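Peer 1:
Number of protein chains: 2
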Amino acid sequence: MAEKITPRSADYSRWYLDVIREAELAENAPVRGCMIIRPYGYAIWEAIRDGLDRRFRATGHQNAYFPLFIPLSFLQKEAEHVEGFSPELAIVTIGGGEQLEEPLVVRPTSETIIGHAYSRWIRSYRDLPVLINQWANVVRWELRTRPFLRTLEFLWQEGHTAHATAEEAIAETLRMLDVYEDFARNEAAIPVIKGRKSQNEKFAGAVASYTIEAMMGNGWALQAGTSHYLGENFARAFEIRYLDRDNVLQYCHTTSWGVSTRMVGAVIMVHGDDQGLRLPPALAPIQVVIVPIWRKDDERARVLSVAEQVERALATAEVRVHLDRRDDLTPGFKFNDWEVRGVPLRIEIGPRDVEQQTVVLARRDVPGREGKQAGVPIAGVAAAVQDLLPAVQQALLQQALAFREANTTYGVRSYDEFKTVLEEKGGFIRTHWAGSDADEARLKEETKATLRCFPLEVPEGEGRCFLTGQRTRQVAIFARAY
Amino acid sequence: MAEKITPRSADYSRWYLDVIREAELAENAPVRGCMIIRPYGYAIWEAIRDGLDRRFRATGHQNAYFPLFIPLSFLQKEAEHVEGFSPELAIVTIGGGEQLEEPLVVRPTSETIIGHAYSRWIRSYRDLPVLINQWANVVRWELRTRPFLRTLEFLWQEGHTAHATAEEAIAETLRMLDVYEDFARNEAAIPVIKGRKSQNEKFAGAVASYTIEAMMGNGWALQAGTSHYLGENFARAFEIRYLDRDNVLQYCHTTSWGVSTRMVGAVIMVHGDDQGLRLPPALAPIQVVIVPIWRKDDERARVLSVAEQVERALATAEVRVHLDRRDDLTPGFKFNDWEVRGVPLRIEIGPRDVEQQTVVLARRDVPGREGKQAGVPIAGVAAAVQDLLPAVQQALLQQALAFREANTTYGVRSYDEFKTVLEEKGGFIRTHWAGSDADEARLKEETKATLRCFPLEVPEGEGRCFLTGQRTRQVAIFARAY
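Top line first, the protein sequences correspond to chains A and B.
Quick note, the first sequence lines up with residues 1 to 482 if you use our numbering.
Quick note, the second sequence lines up with residues 483 to 964 if you use our numbering.
Next up, the structure:
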C-alpha cells in the first residue's frame, strides 16, 4: 500500500492525490471538477459538520434551508458581488423541457436569496439579530480543481446574520472567526492565524473579510474558513430594513461566514505523512482499530473472543472502535491499511497476548517501536485509550505548530530577500507591509505569493515595510497558497 | 393567531398552507415551486433525518456524497428511467460563461451516477454488498407544487445498494421498508401501510417498488417513503458486475430507497388540528415550553426564578425545553403561539404556583381542562414530563390509527359502490382487485383515485374483484392522493 503513495518530498501534489485515493476518501466524478466523497471521507466531513454545528448552536444560531436556484437578476443587485461571481456561474436554462424565461443560477453562495428573505422577515428592532446557518452544496465553475481544496460543487455551511448596528455585526463576524479558530485548533488539531483579508482578496460584496489561515505540509497557505462583515451592502441591495426604537427606518448590517469540505483537504495536508493520512482523534471516524493476530484455527477463536471483549469495553467507553475481522488478509497488510487511513490508535492482540491477558497499543503519530506499548492489561485498555487519544490529539497540534514556526520567516528587509526566502525556504513570510493594492497585485504576479492576511494579533509593533521602506504598524503574512 | 388558520372542514388545502405560514415552517421562494425551509420547519426535518440516519447505521449503511450534476447521457442508459424522468429535468447548459458541450442534469435521483461509480468499485463477490446512503437535494420540474409535499427542489435521503443475488437485494428492499415503517410509527407517530406499487405507479427503472402509505387528515393518501428493487436493470445499463466464487462474471442486483422533506408534510397533515400543528414529541424541536405568568414587577422576578429552575431540571433530564421570556406578550398570546407550533407540553408558572411550589402542565393533544394538570410539585416536574411525553406520542399514534380505521372502507362490491364511497366518504378503499393496468388507468381518470398499493399483509384471503368480478387473492388500496 504505502508504496502506492508518492513521498511528499518527491511530489507533494501527487502525494495528496495518492493519499485521497489509497485512503478511499474521494474520487473524481464523471463531470469535470466534481468529486464523489466516499464513505470514509464523508465520515470525516460529518465529524467536521457536527463539531461546527454544535458550536453554532451554542452561540445562538439556528439552521434553515434556502433554495439551490437563484434568479439571475438577484445576483445583479449587488454590483461587486455579481462582478466577482459571474465568471463562475452554472446556469440552468431549461426546466421541464422548456426554455426558462429567466435563467436560474445554481447558488455559488446565498447572500442574495437570503437577503431577499430577510427583507421580508425583518420589520423591527425586535426581530434582530437574525442568526441563521445553512448546510448546503454550492457550485462555482472553477477551471483548476483539486479534490476537497477546489471543486465545482462543494459542501459547506454558510452563516448569514442581520444586526441593528455595525458594531454588533462586526462583533458577530469576529465571534464566528473565533468559533472557527476554536474548532480548527481543538478538533482538527490545526493551528490557524486569524486575520483580515486585503482589499484585493476580500469577498465580493464585503466591507471586510476575515480568515483563518493554515499552513499545509509543503509550506503553502490554505484559507480554511472566512467570516465577512458585509456592512449595509446587501441590506441596501435587498432593502433589509428595520424600524428602530425611535420608529426610524434603518438598514441592517449583515454578515456571512463559511467553512467547506476544503477543511478535509486541510486535515489531510497538515497531518498526513508518507505512510498516508493521520487523523486527529476528534475527527477520526475510527479512533481505534483492533487487529487480531493468529496462525492456527484454534488460536483464531481465542484471539477473536478477546478482541470482541476489548471492542465492547471501548464501545462502552464511547470510543469509536473497529474490529478488523477480515480473514483473508495478513496482520501486516491490515496494519498498513489502517495506517494509510490514519486511524490514531491500533490494538494488536495475538495468542501470547491472550495468554497474558494483555494487548499491544500502537500510536499512528509515533512511528516504529517508540509508538508501541506492549503488555497493556486488558482490564485497563479503555482507560489507556482514553488517556492516549487526547495525547495524540495534542501531539498532532503541537507538531503542526512546530512545523509552522519552523517554516515562518519573521521580517524581511528587502524585496530581494522576500523573493529569496520564498524560493529557498518557502512557508510564511510575516512582515511589516505598507504597500498599495497595486503593489500587492504586482508582488503576486512576480512571485506567485499572495497576501494571506493582516493578522489580528500583532505583537510586532511598528517596523519598516520591506517594499516601500515606510514605517508602519501593519503586519502581513505572505505565502504561496491553494 | 388561531383565527388566521382556516378550519380544516372549510378548506383543507388552505388550512395546510395556513399552518405552514403561522407555525413559520416554510415559505415560497422567489423561484416558482421552490421553498425556503424556516428554522422551525428545518428543525423538524433535522429530527426526521437523525431518526432515519440512526436506523440506517444500525442496519450497516454508510453515508457518502455523489455529485449534483449528472451528464445527460447517463440518464439515457436506462430506457424506462429516462422516459420517466426526462419531462422533469432541470438542465445546466452554461458553465463559467460558456455553452457546455454536454448539458448537465441537476440530479432528480442518483441511480445513474451512483451506478457508474459502483461499476468501478465492485470487482468481486468480496466487495458485496455495498450499502450506501446519501443525504442530498434533488430537483424535479413539477408543474403543481405544494410546500413539503411536492416542490421543485427537495431534500431527501437516497439509499443505493448492490448485492450478489436477487434474493439478497429483495431482502434489503423489504428491510428498508421495515425501517421506514418503524420510523414512521415510533417517531412520526404515523401508522403506515406497507405495500407494493402497481406497474403503473412504480419507479421508472424498478422491477418492483414498495411504499409506505399514510392517510392524511382529509382522508387522502400520501406516499411517505419508497423502496425499490431494481433487479439487474441499472446493473446492465452501467455494467455493475462482480466475479462470483466460481470466477464467473455476474450482474449485481441493486436497490434504492428514499424518504424526503415530504415527511414533514405528512406530520403536519396527520396530526394537525384547527389550532395548528401538533408534533409528536420524538420529532418536536421543543418538547416542553414554559410560560411564566405575572402582573407586577416583583412577581416577575420570583416567577422567572422558578421557571429557570424548572428549565434546568428538564434540560438535565434531556428534555428539549424552551422558556418563553418575551416581556411584551401576554400569557394568552404565548399559549396560542406555542399551540400553533404544536409543542407537545406546556408548563404554566404563576405567582400562586410559586407560593405552592407547583406548576400547571397542559397537553397540546388534549384540548381544554381535560388536558390540564394543576398542582404538579416542582420537584416532580421532570418525572411528570418524562411520563407524559411518551403518553402524548402514543396518543397521537392511536388517534391517527383510529382516524384511518374510521375512514377505511373494507371491500366494495361494484364500481358504482366504489364511486359512491369515494364521493361520499372518501378515505381508503381496501378491496380485492384483479383489474388490468388499463383498468387501473381508466379508474384513475374517471374517479381521480389511484391504486396506492397492494398491501403486504393480506388477512382477507380470496375474494371477488369489484370491477372484473374475478376471484383473486390480491387486495389493493385505492384513494385520492397527494
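We put the CB at the ideal spot given by N, CA and C, even for glycine.
If you're wondering where the values come from, they're calculated on a predicted model, not measured in any experiment.
Going straight from the alpha carbon of G371 of chain A to that of E339 of chain A, what length do you get?
Peer 2: When rounded, the distance between both Cα atoms is 13 Å.
Peer 1: Mind listing the chain B neighbours of E88 of chain A? Cutoff is C-beta to C-beta under 7 Å, in chain order.
Peer 2: Going along chain B in sequence order, the residues near E88 of chain A (Cβ under 7 Å) are G578.
Peer 1: Bridge partners for E640 of chain B per DSSP, in chain order?
Peer 2: Note: E640 of chain B sits in a beta bridge opposite B:Q616 and B:G740.
Peer 1: By Cβ distance below 8 Å, which residues in the same chain neighbour D18 of chain A in space, the five residues on each side in sequence not counted?
Peer 2: So the qualifying residues of the chain are K4, I5 and T6.
Peer 1: Run down chain A in chain order and give the residues with a C-beta less than 7 Å from the C-beta of H598 of chain B.
Peer 2: Result: P30.
Peer 1: Closer than 8 Å, CB to CB, is M483 of chain B near chain A or not?
Peer 2: Confidence at M483 of chain B is low in this model, with a pLDDT of 45, below 50, so the placement of that residue is unreliable and no value is reported for it.
Peer 1: Give me the chain B residues within the contact set of V385 of chain A, using Cβ-Cβ distance strictly less than 7 Å, ordered along the chain.
Peer 2: Within 7 Å Cβ-Cβ: nothing; V385 of chain A doesn't reach chain B, min ~22 Å.
Peer 1: Confirm, please, whether the CB-CB distance from T255 of chain A to A136 of chain A is below 8 Å.
Peer 2: No, the Cβ-Cβ distance between A136 of chain A and T255 of chain A is not below 8 Å.
Peer 1: Given this structure, state the Cα-to-Cα distance separating L786 of chain B from D779 of chain B, to the nearest angstrom.
Peer 2: Each residue's Cα considered, the two are about 11 Å apart.
Peer 1: In chain A, which residues lie less than 8 Å from W776 of chain B when you measure between Cβ atoms?
Peer 2: Going along chain A, no residue has its Cβ under 8 Å from W776 of chain B, so there is no contact; the nearest lies around 20 Å.
Peer 1: Using CA atoms only, rank isn't needed, just tell me which of B:R608, B:S709 and B:A688 is closest to R657 of chain B.
Peer 2: Closest by alpha carbon: B:S709.
Peer 1: Starting from E98 of chain A and walking both ways along the beta strand (DSSP E), at which residues does that stretch end?
Peer 2: E98 of chain A -> beta strand (DSSP E) spans E98 to V106.
Peer 1: Is the beta carbon of P673 of chain B closer than 8 Å to that of L761 of chain B?
Peer 2: No, the pair does not count as a contact, with Cβ atoms beyond the cut-off.
Peer 1: For T420 of chain A, count neighbouring C-beta atoms within 10 Å of its own C-beta (all shown protein chains included) and say buried if the count is 16 or more, exposed if not.
Peer 2: Under this definition T420 of chain A is an exposed residue.
Peer 1: Taking the alpha carbon of V874 of chain B as the reference point, which residue from B:R828, B:E905, B:Y711 and B:W603 has its own alpha carbon closest?
Peer 2: Minimum Cα distance to V874 of chain B is reached at B:R828.
Peer 1: Might you give, ordered along the chain, the residues of its own chain that have their beta carbon closer than 7 Å to the beta carbon of V354 of chain A, omitting 5 neighbours on each side?
Peer 2: Cβ within range, chain order: R302, V303 and V306.
Peer 1: Tell me whether E150 of chain A sits in a helix, a strand or coil according to DSSP, three-state version.
Peer 2: The residue you asked about is not Glu; residue 150 of chain A is Arg in the sequence shown. Correct three-state label for R150 of chain A: strand.
Peer 1: Does the structure place the region 611-625 of chain B close enough to the region 692-703 of chain B that three or more beta carbon pairs sit under 8 Å?
Peer 2: They do not touch, by the three-pair rule.
Peer 1: Please list the partners that C734 of chain B has in chain A, where partner means a Cβ-to-Cβ separation under 7 Å.
Peer 2: None at all; the shortest Cβ gap to chain A is about 18 Å.
Peer 1: I need the DSSP call for N729 of chain B, collapsed to helix, strand or coil.
Peer 2: Three-state result, N729 of chain B: coil.
Peer 1: Can you find a CB in chain B that lies within less than 8 Å of the CB of A315 of chain A?
Peer 2: Cβ-Cβ to chain B under 8 Å: no for A315 of chain A.
Peer 1: How would you list, in chain order, the residues of chain A whose beta-carbon sits under 7 Å from the beta-carbon of P611 of chain B?
Peer 2: Residues of chain A passing the Cβ test: none, with the nearest at roughly 13 Å.
Peer 1: Do you know how far the Cα of R520 of chain B is from the Cα of A671 of chain B?
Peer 2: When rounded, the distance between both Cα atoms is 23 Å.
Peer 1: Using only alpha-carbon positions, find the residue among A:W121, A:L467, A:E27 and A:A29 that is nearest to A441 of chain A.
Peer 2: The candidate whose alpha carbon is nearest that of A441 of chain A is A:L467.
Peer 1: Are A686 of chain B and G566 of chain B close, meaning C-beta to C-beta below 8 Å?
Peer 2: Closer than 8 Å, so yes.
Peer 1: May I ask which residues mark the beginning and end of the alpha helix (DSSP H) holding M658 of chain B?
Peer 2: M658 of chain B -> alpha helix (DSSP H) spans A648 to N668.
Peer 1: Under 8 Å Cβ-Cβ, which residues of chain A neighbour V752 of chain B?
Peer 2: Result: empty, since nearest Cβ-Cβ is about 22 Å, beyond 8 Å.
Peer 1: Can you look up K4 of chain A in the DSSP assignment and give me helix, strand or coil?
Peer 2: DSSP places K4 of chain A in helix when its eight states are reduced to three.
Peer 1: Please report whether the beta-carbon of Q62 of chain A lies at a distance below 8 Å from any beta-carbon of chain B.
Peer 2: Interface residue, yes.
Peer 1: Just to confirm my understanding: we take G893 of chain B, look at its own chain, exclude 5 residues before and 5 after, and list those with CB closer than 6 Å. What are they?
Peer 2: Taken in chain order, the residues that qualify are T913.
Peer 1: Determine whether the beta carbon atoms of E570 of chain B and R622 of chain B lie at a separation below 8 Å.
Peer 2: Taking 8 Å as the Cβ cut-off, E570 of chain B and R622 of chain B qualify as a contacting pair.
Peer 1: Pick out whichever of A:I113, A:F335 and A:Y180 has its Cα sitting closest to the Cα of P292 of chain A.
Peer 2: Ranking A:I113, A:F335 and A:Y180 by Cα distance to P292 of chain A puts A:F335 first.
Peer 1: Quick check: is any heavy atom of the ligand NAP less than 7 Å from the C-beta of S738 of chain B?
Peer 2: Absence of the ligand NAP is noted for the structure shown, with no ligands found whatsoever.
Peer 1: Quick check: the Cα distance between P512 of chain B and F630 of chain B, rounded to an integer number of angstroms?
Peer 2: Roughly 16 Å between the two C-alpha positions.
Peer 1: Mind checking if N200 of chain A is an interface residue toward chain E, Cβ cutoff 8 Å exclusive?
Peer 2: Annotation note: the requested chain E is absent from the structure, which comprises protein chains A and B.
Peer 1: Measure the CB-CB distance between Q386 of chain A and A434 of chain A and report whether it falls below 8 Å.
Peer 2: Contact: no.
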